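Student:
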Ligand SMILES: C[S@@+](CC[C@H](N)C(=O)[O-])C[C@H]1O[C@@H](n2cnc3c(N)ncnc32)[C@H](O)[C@@H]1O
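Spelled out as structure tokens, the structure:
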């Protein structure tokens, strides 16, 4: 107990000492977002920087993120170190690993551990989908709204699966250029450009060699809230028509939580910082699992797994939820 208090104290003191560096990093990052990141997703940095931090904190390996980070448009070796390297150093020097770092973390999660929870949920969904001992292992993996996700460049590289990354043209090009500059081999990945709201990601995939008759796992992390309801529904309906054994994993924000003051404030912050708006929400009114189940059933899918993000008890409503859905047989 005393050790953990001392670790927290040391971590806090180191953070205070590093604060000017972190603030400088944030300032340069913001300037680069506005000047070098035009048309490219800004919110893609959020989960990426979190996964980078988990790596630096030694709680989740993501060597590919470390390799890619300095080459992304709004980062540089210095900015990446000022933003995340400093915090990683504070974690390593102090030995402190709070709930926001302790991957895969406990359940229920909290606002602080929501990113750990989210990362672990999707890691587990992907790992079990491509597990060769599974009844119908996925033969294709699609990262829908891939952003700076580096899972395709980790363990997935050694699996006998075809990998597709789908995102907007500007974000895709920024990523392939960054991978190139980083000297990372991406020859096993097919990059597909599309805008979910305007064109069919499915048609775009078909044009690039996607086989709808193979069981497919779709990772749709951190994307639904930026889309309108019709686009979310169209995507889920498309998955319901894929080969038997196909699954999609995605997260949603809570309608109830984001109607409250704190949620409204978060929406304003994201809009102000990145210029991207939350549009789609799903109810997490108790029982949240049932809300998710009914919603995906209405799109022709079956619930395979669900975890609320945050606590579902008394007056506390989950911030959102993580859903794994499969094609109904
Ligand atoms: C918050 S990021 C998540 C990235 C990645 N899935 C992750 O978790 O690291 C959201 C991603 O969705 C993509 N996205 C948002 N709206 C899109 C649209 N209409 N069409 C295609 N991609 C879109 C963005 O470009 C961005 O890369």
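Numbering (my numbering), first residue to last: 20 to 348. Ideal placement from N, C-alpha and C gives every residue a C-beta, glycine not left out. Because the structure is a prediction, the values reported are computed rather than measured.
For residue 198 and residue 204, I'd like the C-alpha separation in whole angstroms.
Tutor: 8 Å
Student: Among the candidates 142, 83, 288, 181, whose CA atom is the shortest distance from the CA of residue 122?
Tutor: The closest CA to that of residue 122, considering only 142, 83, 288, 181, is found on 142.
Student: What span of residues does the alpha helix (DSSP H) with residue 235 cover, start to end?
Tutor: Looking at the DSSP string, residue 235 is not in any alpha helix (DSSP H); the run it does join, the beta strand (DSSP E), is 235-239.
Student: So the candidates are 111, 67, 103, 323; which of them puts its Cα closest to the Cα of residue 84?
Tutor: 67
Student: In angstroms with no decimal places, state the Cα-to-Cα distance between residue 291 and residue 264.
Tutor: 41 Å
Student: Taking 5 Å as the limit, name every residue whose beta carbon sits nearer than that to some heavy atom of ligand 3, in sequence order.
Tutor: Among the ligands modelled here, namely ligand 1, ligand 3 does not occur.
Student: Use the C-beta contact count for residue 159: other C-beta atoms within 10 angstroms, 16 or more gives buried, fewer gives exposed.
Tutor: buried
Student: Thinking C-beta only, is residue 134 closer than 8 Å to residue 338?
Tutor: no
Student: Return the CA-CA distance between residue 55 and residue 93, expressed in angstroms with no decimal places.
Tutor: 6 Å
Student: Jot down the residue ranges of each uninterrupted beta strand (DSSP E) in the region 152-176, minimum 3 residues, whole runs only, in chain order.
Tutor: 159-163
Student: Helix, strand or coil for residue 289, going by three-state DSSP, please let me know.
Tutor: helix
Student: Assuming residue 299 and residue 240 make a contact with CB atoms under 8 Å, what is their CB distance in whole Å?
Tutor: About 14 Å separates the two Cβ atoms, so there is no contact after all.
Student: Looking at C-alpha atoms only, which residue of 316, 189, 77 is the closest neighbour of residue 210?
Tutor: 189
Student: Specify, as a first and last residue, the run of the beta strand (DSSP E) that residue 269 falls within.
Tutor: Its beta strand (DSSP E) spans residues 266-272.
Student: Give the single residue among 76, 34, 144 whose Cα lies nearest to the Cα of residue 107.
Tutor: 76
Student: Keeping to the same chain, check which residues put their C-beta closer than 6 Å to that of residue 69; ignore five residues upstream and five downstream.
Tutor: 134
Student: Shortest alpha-carbon distance to residue 258 belongs to which of 289, 321, 59?
Tutor: For residue 258, the nearest C-alpha among the options comes from 321.
Student: Based on Cα-Cα distance, which residue from 305, 62, 194, 262 lies nearest to residue 275?
Tutor: 305
Student: Within a Cβ cutoff of 6 Å, which residues of the same chain sit near residue 357, ignoring the five residues on either side of it in sequence?
Tutor: Residue 357 lies beyond the residue range present for the chain, which begins at 20 and ends at 348; the question has no answer from this structure.
Student: Report the option in 105, 59, 336, 22 whose CA atom is closest to the CA atom of residue 35.
Tutor: 105
Student: Have a look at residue 221 and residue 329 and give me their C-alpha separation to the nearest angstrom.
Tutor: Those two C-alpha atoms are separated by around 33 Å.
Student: Please work out which residues of its chain come closer than 6 Å, Cβ to Cβ, to residue 99, disregarding the five sequence neighbours upstream and downstream, and give them in chain order.
Tutor: 88, 89
Student: Please confirm whether residue 295 has its beta-carbon closer than 8 Å to some beta-carbon of chain D.
Tutor: Of the protein chains in the structure, only one exists, and it is not chain D.
Student: Please state whether DSSP places residue 179 in a helix, a strand or coil.
Tutor: coil
Student: Evaluate residue 230 with the Cβ neighbour count: other Cβ atoms within 10 Å of its Cβ, from every protein chain shown; 16 or more gives buried, anything less gives exposed.
Tutor: exposed
Student: If you reduce the DSSP assignment to three classes, tell me which class residue 227 lands in.
Tutor: coil
Student: Do residue 236 and residue 182 have their C-beta atoms closer together than 8 Å?
Tutor: no
Student: Hey, how far is the Cα of residue 147 from the Cα of residue 157?
Tutor: 9 Å
Student: Could you pull out every residue in the same chain whose Cβ sits closer than 6 Å to the Cβ of residue 127, ignoring the five residues on either side in sequence?
Tutor: 330
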